[in-house]
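One structure is given here, and the rest of the page talks about it.
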Amino acid sequence: MNKRLLPCLLMLAACCFPHARSAAAGPDRNRPLQQKLALLITRSDSLRELNKPEAQKAIAREGLKLTPTGDYPNLAAFHFILANGYESAGNTDSAVYFYEKCIADDKKNKTPLRMTEALSRLLFLYTNTSGYRSKSGPTLKTLLSILDTTENDLKKAGYYASIGDYYNRAGDYQTEAKYLLAAIDIKKRMLSAGKLKDPEEVMIDLINLGSMYLQTGHPQKGMQYTREARGYLVDTHRFRAHYYKQMADGLLIEEKPAEARLYADSLTAMLSSPLAGAPQHANRIASDLAFAEYYVSHGQPDSAHAYILRARRMAPAWSDEYLMSQVDYMTGRMYAALGQYGKALPFLVSSETLARESGPEVYVSLLRELAKAYAATGDFKKAFDYYERYVPLRDTLYSQLSENTIAEAEAKYQNRDKQRQIEAKNRQIEEARNQRLWLIAGLLLLGLSLGLLAVIYRNKKKNAEVLDRKNRELARVIRELEEANGTKAKLFGIISHDLRSPISQVYQFLKLQQLNPGLLDEKQKTELGTRIQTAAGSLLETMEDLLHWSKTQMNQFEPNNRLTALAPVIEQCIRLMQLNIDSRSLAVHVDVPDGATVWADPDYLQTILRNLLQNAIRA
Numbered sequence: 006m007n008k009r010l011l012p013c014l015l016m017l018a019a020c021c022f023p024h025a026r027s028a029a030a031g032p033d034r035n036r037p038l039q040q041k042l043a044l045l046i047t048r049s050d051s052l053r054e055l056n057k058p059e060a061q062k063a064i065a066r067e068g069l070k071l072t073p074t075g076d077y078p079n080l081a082a083f084h085f086i087l088a089n090g091y092e093s094a095g096n097t098d099s100a101v102y103f104y105e106k107c108i109a110d111d112k113k114n115k116t117p118l119r120m121t122e123a124l125s126r127l128l129f130l131y132t133n134t135s136g137y138r139s140k141s142g143p144t145l146k147t148l149l150s151i152l153d154t155t156e157n158d159l160k161k162a163g164y165y166a167s168i169g170d171y172y173n174r175a176g177d178y179q180t181e182a183k184y185l186l187a188a189i190d191i192k193k194r195m196l197s198a199g200k201l202k203d204p205e206e207v208m209i210d211l212i213n214l215g216s217m218y219l220q221t222g223h224p225q226k227g228m229q230y231t232r233e234a235r236g237y238l239v240d241t242h243r244f245r246a247h248y249y250k251q252m253a254d255g256l257l258i259e260e261k262p263a264e265a266r267l268y269a270d271s272l273t274a275m276l277s278s279p280l281a282g283a284p285q286h287a288n289r290i291a292s293d294l295a296f297a298e299y300y301v302s303h304g305q306p307d308s309a310h311a312y313i314l315r316a317r318r319m320a321p322a323w324s325d326e327y328l329m330s331q332v333d334y335m336t337g338r339m340y341a342a343l344g345q346y347g348k349a350l351p352f353l354v355s356s357e358t359l360a361r362e363s364g365p366e367v368y369v370s371l372l373r374e375l376a377k378a379y380a381a382t383g384d385f386k387k388a389f390d391y392y393e394r395y396v397p398l399r400d401t402l403y404s405q406l407s408e409n410t411i412a413e414a415e416a417k418y419q420n421r422d423k424q425r426q427i428e429a430k431n432r433q434i435e436e437a438r439n440q441r442l443w444l445i446a447g448l449l450l451l452g453l454s455l456g457l458l459a460v461i462y463r464n465k466k467k468n469a470e471v472l473d474r475k476n477r478e479l480a481r482v483i484r485e486l487e488e489a490n491g492t493k494a495k496l497f498g499i500i501s502h503d504l505r506s507p508i509s510q511v512y513q514f515l516k517l518q519q520l521n522p523g524l525l526d527e528k529q530k531t532e533l534g535t536r537i538q539t540a541a542g543s544l545l546e547t548m549e550d551l552l553h554w555s556k557t558q559m560n561q562f563e564p565n566n567r568l569t570a571l572a573p574v575i576e577q578c579i580r581l582m583q584l585n586i587d588s589r590s591l592a593v594h595v596d597v598p599d600g601a602t603v604w605a606d607p608d609y610l611q612t613i614l615r616n617l618l619q620n621a622i623r624a
């Protein structure tokens, strides 16, 4: 629900003019009558700029009393001033009555002075007030027929704004855009030429244009014109409230409720100012309705409830008939979204009359809600009636609005506006060129850095691969070394086992001969020496065989099988162990055929036979 910034907002003065004397004091009674009337008109214009409607009406009534019958120029002027005072005070009926009196007086002049401006104000009031809309069409035709005779560009731009508002209410957004853009163009040219002192005159039309785009589902363009309007906002309390409200509306359409609340909070803060009046409070109410509609449309009617409650609290004191109908409509929508259709119906029904006159968007939405509410409460006849009225209006709602037609109207404005921006764009192009050079240099530096990083990474990867290969080789060598150490331990165990017993026996015989030399006679000594010599020779031969075998088996045990004669191996084992055999008085019987052979490793075979013979001797 988007109430627009009304073109009838009176332009406020940039500073307050001091009053030398009260308006009630009146002019100097000694001056001629025409001078007195002219002075009253001048004073009323000052009061109009200061937005003091009561003092303005007082001067107008005094002027009407002094104006003689038949002085139609002054009668028209004072009727216009009185009507304007009533309009500023919010009394529409009285404003319409005196504007019509102004036109009737001005028609009797040879050169009407107030007719065009009065028609413009009447067109606005007829368009936006229930009960008068039937008069808006004829008034528009009359205004258009005399519009080309208006030489004052600022007034012509104001008339364009009123005409645009009429077409907005009629749903003809293409034509509205055309008149608003024409008004904006005129005011911008006058502002650039120094013929227009108040930039907020441009701001009003930009706000209305942005509102139209938001209203018709073009949020990007709506926010574009609204933000442009901010550049023409000076410090008028009333206009700032409209800007905050419309920014909040646009951000809600763009699905940015958190940002929208910042502008709504700024609008709320304005209410604490002593300057806050009906425009600020009405905009706060309208903003609450926009938030309520956002949350209802997003399936969060509970969140909308707080905004509806605040709007309804403020509405009786600050809402006009149109805004009050919007409050009722949104209240009904909220209850309908909560499923409380019985509560929703009275509010929806109460807003129907004004919704029908407010424009097709509002009315088609209301018809849909009424059809749903009556269907939910079981009144299917009324539901069907409202649905039959809803469908054709929905289908034709935007038939007059298309992207191309609006674009054509806007293009005329944009072309003129772009001409004023060419110089600024050229400067921006030069700055962009410099920025592009810096950007290219930065990209080259970045590319070089990335290249160096790639080289470093590749070298690091190669080094990692070499290190990994070396680690694997080292692990293999370690495993082989461990296996070799294990093999050596086994070999030394075998050598120790095979040689311990023969060496021990030789040692014992030598020790015996040393300790008891007289125990043996010469023959025994000679025989024992021969045996010891034979055993030592066999031991030496065996040691040489073991050492040679150990060299071939340093890393691991690998048998070297071949055809081996069995008898020589057995004889060598017996010679090695002969002293042990004799010391135990044993006899070894060898039963091996001559020339017997086996397929075996001779060293392995000798080790096995020595081990078996030693075990047999010990046993």
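183 is the number that this note's numbering gives to position 178 of the sequence shown; each next residue is one higher, with no gaps. Beta carbons are placed, not taken as given, at the ideal position from N, Cα and C, and that holds for glycine. A quick note: this is a predicted structure, and the numbers were derived from the prediction, not measured.
- Judged by DSSP secondary structure, residue 369 falls within the alpha helix (DSSP H) whose first and last residues are 365 to 381.
- Shown here for residue 308: same chain residues with a beta carbon closer than 8 Å to its own, the five before and five after excluded, namely 300 in chain order.
- Among the bridge pairs identified by DSSP, residue 615 is matched with none.
- Ranked by how close their Cα comes to the Cα of residue 125, the residues 147, 537, 248 and 570 have 147 in first place.
- Around residue 333, the same chain offers 352, 353, 355 and 356 as residues with beta carbons nearer than 8 Å, after the five sequence neighbours per side are excluded.
- With at least 16 other beta carbons inside 10 angstroms of its own, residue 543 counts as buried.
- DSSP lists 567 as the bridge partner or partners of residue 605.
- For residue 624, the secondary structure class from DSSP, reduced to helix, strand or coil, is coil.
- When C-beta atoms of the stretch 85 to 99 are compared with those of the stretch 57 to 64, three or more pairs fall below 8 Å, so the two segments count as touching.
- In this structure, 211 is the residue among 211, 612 and 248 with its C-alpha nearest to the C-alpha of residue 189.
- Assignment of residue 72 by DSSP, reduced to helix, strand and coil, places it in the coil class.
- For residue 177, no alpha helix (DSSP H) encloses it, and the DSSP letter there is neither H nor E.
- Distance from the CA atom of residue 123 to the CA atom of residue 361, rounded to whole angstroms, is 26 Å.
- Between residue 183 and the set 214, 601, 571 and 192, the nearest pair of CA atoms involves 214.
- Counting only residues of its own chain and dropping the five nearest sequence neighbours on each side, residue 269 has a CB closer than 6 Å to the CB of 253 and 292.
- Under a 10 Å Cβ-count criterion, residue 132 is classified as buried, with 16 or more other Cβ atoms of the shown protein chains found around its own Cβ.
- For the set 220, 205, 317 and 209, the Cα lying nearest the Cα of residue 365 is the one of 220.
- The way I'd put it, the stretch 61 to 72 doesn't touch the stretch 109 to 118; fewer than three beta-carbon pairs between them come closer than 8 Å.
- DSSP, read as helix, strand or coil, puts residue 203 in coil.
- Bounds of the alpha helix (DSSP H) holding residue 106 are 97 to 111.
- Counting of Cβ neighbours within 10 angstroms places residue 203 among the buried residues, the total reaching 16 or more.
- The three-state reading of DSSP puts residue 208 in helix, counting H, G and I together.
- Burial is judged here by how many other beta carbons sit within 10 angstroms of a residue's own beta carbon; residue 227 has at least 16 and is buried.
- If you draw a 10 Å sphere on the C-beta of residue 167, you find 16 or more other C-beta atoms in it, and that means buried.
- A straight-line Cα-Cα distance of about 13 Å links residue 596 and residue 574.
- A residue is called buried once 16 or more other Cβ atoms fall within 10 Å of its Cβ, and residue 288 is buried on that count.
- Within the stretch 259 to 289, no run of beta strand (DSSP E) at least 3 residues long lies entirely inside it.
- Around the Cβ of residue 80, a 10 Å sphere holds 16 or more other Cβ atoms; the residue is buried.
- When secondary structure is reduced to three states using DSSP, residue 154 falls in the coil class, being assigned neither helix nor strand.
- Residue 507 places its beta carbon less than 8 Å from that of residue 585.
- Taking C-alpha positions only, residue 607 is separated from residue 471 by approximately 45 Å.
- CA-to-CA, the gap between residue 232 and residue 164 works out to about 24 Å.
- Counted as a single uninterrupted DSSP element, the stretch harbouring residue 343 is not any alpha helix (DSSP H), since DSSP gives it neither H nor E.
- For a cut-off of 8 Å, the C-beta gap from residue 320 to residue 337 is around 14 Å, too long to register as a contact.
- Distance from the CA atom of residue 330 to the CA atom of residue 434, rounded to whole angstroms, is 51 Å.
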